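Residue numbers (this note's numbering): 235 to 553.
C-beta atoms are modelled at their ideal positions from N, C-alpha and C, and glycine is treated no differently.
Since the structure is predicted, the reported quantities are computational estimates derived from the model, not experimental observations.
Heads up, the thing below is written out as C-alpha cells.
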C-alpha cells in the first residue's frame, strides 16, 4: 500500500511494491540466516539488516500517515457544513458607515418652522442604521458558526490519540510520525523474532524436542566358562563375551532386560551379568552397584552379586 501511494504511474507503483517486498523479506530473514556464519558475515548482515529495517519502517510510517490522513478526511467530511447567507461584513460595514454619515448630516440641519421633510430624513437614516446593525449581528453569528465548523474539521483531521499527545508539547505532525515509526518498529521486531524461532538450527530443535535415549547393546555370542577351584576356594562362574564386529551398538535404545516368570535367582543374576559385560565393553555402563541397580531396576543385593561376578573382568580391563 505504501508503494502504491508513493508511485504515480502504474509501472512506478509496481516497482515501489517490489522494492518494499524485498526490503521486508530481507529485514525478516537476515538475522535468522546469518547467525550460523562467522562474525564477519554477521557484521555485514547486521549492517544490511539495519538498513532494511529503517527503509521498511519508513515505508510503514508512510502508510500509517496516509491512512490517518484519509481517515481524518472522512471524519472531516462528516462534519455538517454551514453556508453563509446574506452579505459579508465588509459590505455591511461600508453601508453602515454611509448610514451613520447621513444620520449625522440630518441631525446637523436646523429648521425654524416645523420641517416634516427633515424629520422624515432623520427617521429614515436611523431606521437604516438599525437595519444595518441587525444585519451585522447576523453576519457575525454566521461567521462564528463557520469558525466553529472549521475548528471541528481541523480537530477531525487529526488522529484522536496523537491529538491528545499535543498536550505534552509535541506537535501533531511529529506525534503522528513518532507513533507511525513505533508501530512499524514493533511490527518488524515481532516478525524478526518469529523467524528466529522458526529457523532455529536443527541440532537445537532436536535437543529440545527429543528425549534422551538409553544406550544398550546388540546381540553377541556369550560363552559360559565353568567355575573352577583354586587352592580350595571356589570361584564364581564368569561369562566371557565373544562379539562380532557389529555386535555392539551403544546408541540403540533397548528396554530393561525382561525377566522370565519362572526364572530363578541365580539365572537372573547370570542374565544380568551377560548384559552388563556387553554394555561395559561398549563403554555405556560403569561397573558400580549404583549404576547396575539403576540399569536393571533390581534390588541392591542382586546388583551387588552382579558386581562381584564382574570384578574379574574389571580387574582384567584395569590391567
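Burial of residue 414 is indicated by the presence of at least 16 other C-beta atoms within 10 angstroms of its C-beta. Excluding five sequence positions before and after residue 418, the CB atoms of its chain that fall closer than 6 Å to its own CB belong to 291, 294 and 295, given in chain order. Runs of alpha helix (DSSP H) with 4 or more residues, each lying fully within the segment 389 to 420, are found at 394 to 399, listed in chain order. CA-CA distance, residue 299 to residue 393, rounds to 10 Å. In the DSSP assignment, residue 271 falls outside any alpha helix (DSSP H) and carries neither an H nor an E.
Annotated three-state conformation of residue 535 is helix, per DSSP.
Within the same chain, 262, 263, 265 and 266 come within 8 Å of residue 429 by CB-CB distance, once the 5 residues on both sides are set aside.
For residue 323, the uninterrupted alpha helix (DSSP H) run begins and ends at 323 to 342, by DSSP. By the C-beta criterion, the segment 276 to 291 is judged to be in contact with the segment 246 to 263, since at least 3 inter-stretch pairs fall below 8 Å. Rounded to the nearest angstrom, the Cβ distance from residue 516 to residue 526 is 15 Å, too far for a contact under 8 Å. Residue range 523 to 530 is occupied by the alpha helix (DSSP H) that includes residue 524.
Relative to residue 319, the option among 343, 280 and 380 whose CA is nearest is 380.
Annotated as distal: residue 315 and residue 384, with beta-carbon spacing of 8 Å or more. Inclusion of residue 306 and residue 401 in the CB contact set at 8 Å is not warranted, their separation being larger than that value. The beta carbon of residue 369 is closer than 8 Å to those of 320, 321 and 326 in its chain, skipping five residues each way along the sequence. The straight-line gap separating the alpha-carbon atoms of residue 302 and residue 276 is approximately 38 Å. If you check the CB distance, residue 337 and residue 365 do not come in under 8 Å.
Exposed is the label assigned to residue 357, since fewer than 16 other Cβ atoms lie within 10 Å of its Cβ.
Around the C-beta of residue 534, fewer than 16 other C-beta atoms lie within 10 Å, and the residue is accordingly described as exposed.
Non-local C-beta neighbours of residue 313 in its own chain, meaning closer than 8 Å and more than five positions away in sequence, comprise 383, 386, 387 and 390, ordered along the chain. In the structure shown, residue 520 adopts coil according to DSSP, grouped into three states. In this structure, residue 245 lies away from residue 297, with their beta-carbon atoms at least 8 Å apart. Here DSSP, grouped into helix, strand and coil, assigns residue 317 to coil. The distance from the Cβ of residue 541 to that of residue 523 is about 5 Å, consistent with a contact at the 8 Å cut-off.
The straight-line gap separating the alpha-carbon atoms of residue 242 and residue 248 is approximately 10 Å. The C-alpha of residue 344 lies about 12 Å from the C-alpha of residue 350. The beta-carbon separation of residue 340 and residue 329, rounded to 17 Å, does not stay under the 8 Å limit for a contact.
Of the candidates 335, 270 and 238, 270 places its Cα closest to the Cα of residue 434. Residue burial annotation: residue 530 is buried, with at least 16 other C-beta atoms found within 10 angstroms of its C-beta. Ranked by how close their Cα comes to the Cα of residue 372, the residues 519, 404, 323 and 520 have 323 in first place.
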